[in-house]
Amino acid sequence: MALFDEKSYGTYISERMGVLITAYTNLKERNEIAVRHDICSATLRNVISRQGRLSYKNAPAMLEVVKLAFSKAKGTRAEAKEAEAELEILMNS
């Protein structure tokens, strides 16, 4: 099943999705995605902040933003695991 389908159009994204996108992507990345998908960066910002609704036109950009946030969250988790291991070694030294 796709993240966004026709039933999603006209709805707001979840509050949690907006929070995660904002936490794991930055403004520059989101603006670049908007340009690639030929939508206004304000439109993308509004959908992410739940001031605007998902549409057929902005859904591809939103999907790319979600994929980027997922990728960056995975990277953060990997870094945290490495840091945890290093800190444990330091604490036990």
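If you read the sequence shown in my numbering, its first letter stands for residue 25, the second for the next number, and so on. Backbone N, C-alpha and C define an ideal beta-carbon position, used for all residues, glycine too.
One thing to note: I45 has its Cβ no nearer than 8 Å to the Cβ of A85. Between S32 and L78 a beta carbon distance of about 5 Å is seen, short of the 8 Å cut, so the two are scored as contacting. In this chain, T35 is not harboured by any alpha helix (DSSP H), its DSSP state being neither H nor E. By the neighbour-count criterion, in which 16 or more other beta carbons inside 10 Å mark a residue as buried, V43 falls on the exposed side. Selection R69, S65, V59, R60 evaluated against M41 yields R69 as nearest (Cα-Cα). In terms of CA proximity to A97, A47 leads the group A47, G34, F28. In this chain, the alpha helix (DSSP H) harbouring T100 covers 83-115. In the DSSP annotation of this structure, the continuous segment of the alpha helix (DSSP H) that includes L51 starts and ends at 51-60.
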